[in-house]
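Working notes, beginning with the structure itself.
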Amino acid sequence: MRYIFSILFFFGIITVYAQDTIVLKEITVEDNYTKNINKIIVDSITQQIHHQNSLGDLLSYEPGIILKNQGSGGIQTISIMGTHNQHSQILWFGMPLNESLNGQFDYSQLHISSIHSTSLYYGISSIQQFTGSLGGLICIENQQLDSIKPHSTIFLRYESLKNKTIYLDHITKIKKIITIHSIRYETGEQEFDFLNTALLPTLVCTSKTPFTSFSYQNNSQYKWNKTTYQLNVELSEHHRTFAPLMTSYFKAEHNENQDNKAIKAVLKANRMIRKWNVEALVGTRINNMNYTLQHSISNNLVSSISSESKENSLFFSVNANKQLARKIKTNTYFNFNQEYGQFLDLKYNMGFCKTRYQSNVNQSFQLYWNKFFRQNIIINAHIMANQINVLPALISSIHLSNNVTIYYSVGYNQRIPSLNELYFTPGGNKHLLPEKSFQNDITLKFNFLKNTAQSSTFIINPYISQIKNWI
């Protein structure tokens, strides 16, 4: 028996070595196009901690961002790299949210959900996504909804006996449809003491500023016939009373209120067409605001300001990208934005009503020279009022090692004046030209990864921007 097994083993080896060599067909694995050069993603843990808070609270923990906060229920604005709030843009699922009338955005009116993903582009790197972001760009998108399990969340928070927050969300999955409903209600009152020097003796007075905020958000995803559809809708209503900051210098009583109602919706479709990854988006935004300011003495009205503003916009964009060659990817982006703004001073029956149209064409090429060096060449054309402004940019990344990366960005950017800057009476200048800026910045990123559970990132970002105001 021993000899029989030896003979079988010998012939078995000969048989194996005698087989023909099988040549596997070479395949190329391509990743999806992504505009991720010099892109910073907010840490997921930080996102989870602040998912019931406002977007301003979340961004206040990011480097280079200064949050200007007027307290609970107050207006929140940000400054990126020392620039003005108008120099920062926000994209909500691909649609810009900056107000048409003043060009700014109140970050207290947008709240973060646990399913959202927030990313930042500083300086000229923002032109990869949108123009006008001289300071930076904030992008809010949904996470991979396919991996989210159905559940319900109830969150209650009491900062004091008067300030409370109620947050509810419910996630359902029915076949190919994923739906997330989120409701947030916040109410409270700021109370602080101040010195009233209008009369002698100086008195310590107490001021109270109540506020109420409500928002409902629906995020849905549906897959049909190789096409992914996403619908994002938010309804919000905010009422706030501003603190009487000037009361200490005047005898008059100060009452300042603001009511804001807004609706925004975005429908997005994504599909692969002949190796082109095509994404189409259509969105709309409606915002109505009432503002009143009254000064009175002994219940007698001395002066007052009362105004209302209405604005709406219709936004459309198409984005297509493809792998042209082994080391070259191309992306073509087009958007069209119709803005309508109306401002009316109710006391004097004065104001303005304007509509303007603008569009952008963005063509970029990502070049993968090798595993250490990558570049993104961008040509952006902004079209408005029969005028075309070309804004070129070059963004490079050098990977010195797995832990050290250098990003260098250089290019031109611009900000279009808001409708108030052009037409507001008094003070508007309809001949005001766009702010133009030559920007360049370098980013040194050190990423220390100990294991899959522990990592730390250290970023140095020298930033230079030359902004010119043309009057």
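Read in order, the letters of the sequence shown are residues 15 to 485 in the working numbering. Glycine included, C-beta positions come from ideal geometry on N, C-alpha and C.
- Assignment of beta-bridge partners to G297 by DSSP yields V280, F329.
- Within the region 395-445, the runs of beta strand (DSSP E) at least 3 residues long that lie entirely inside it are, in chain order, 401-413, 418-429.
- Counting along the chain, S58 sits inside the alpha helix (DSSP H) bounded by residues 58-63.
- Judged by DSSP in its simplified three-state form, G70 adopts helix.
- Counting along the chain, I152 sits inside the beta strand (DSSP E) bounded by residues 150-156.
- Going by beta carbons, I168 and R388 fall outside the 8 Å limit.
- The C-beta of S411 has 16 or more other C-beta atoms within 10 Å across all chains shown, which makes the residue buried.
- Taking a cut-off of 8 Å for Cβ pairs, the region 394-412 and the region 114-124 do not touch, as fewer than three such pairs fall below it.
- Measuring C-alpha to C-alpha distances from C219 to each of T255, D183, H268 identifies H268 as the nearest.
- Q66 has its alpha-carbon roughly 17 Å from the corresponding atom of I89.
- Annotation: L433 to F329 spans about 17 Å, alpha carbon to alpha carbon.
- Under the Cβ criterion (8 Å, minimum of three pairs), the region 278-294 counts as touching the region 329-344.
- N246 carries a strand assignment under DSSP once its states are collapsed to helix, strand and coil.
- With contacts defined by Cβ atoms closer than 8 Å, K178 and T193 do not form a contacting pair.
- Counting the other CB atoms within 10 Å of its CB gives L72 a total of 16 or more, which places it among the buried residues.
- Excluding sequence positions up to five before and after T306, its CB lies within less than 6 Å of the CB of N271, S320, all in the same chain and listed in chain order.
- About 11 Å separates the CB atoms of N233 and A279; that is not less than 8 Å, and the two are not in contact.
- With a 10 Å radius around the Cβ and a threshold of 16 neighbouring Cβ atoms, Q158 comes out exposed.
- Under DSSP, Q204 takes part in a beta bridge, and its partners are T223.
- Taking a C-beta distance under 8 Å as the contact criterion, I152 and S229 do not qualify as a contact pair.
- Distance from the CA of I420 to the CA of I63, rounded to the nearest whole angstrom, comes to 30 Å.
- Going by beta carbons, N156 and Q244 fall inside the 8 Å limit.
- Uninterrupted alpha helix (DSSP H) stretches at least 4 residues long and entirely within the region 115-188 do not occur.
- CA-to-CA, the gap between I397 and Y371 works out to about 9 Å.
- When the five nearest sequence neighbours on each side are left out, the beta carbons in the same chain lying within less than 8 Å of the beta carbon of K237 are those of K190, Y243, in order along the chain.
- DSSP, read as helix, strand or coil, puts N454 in strand.
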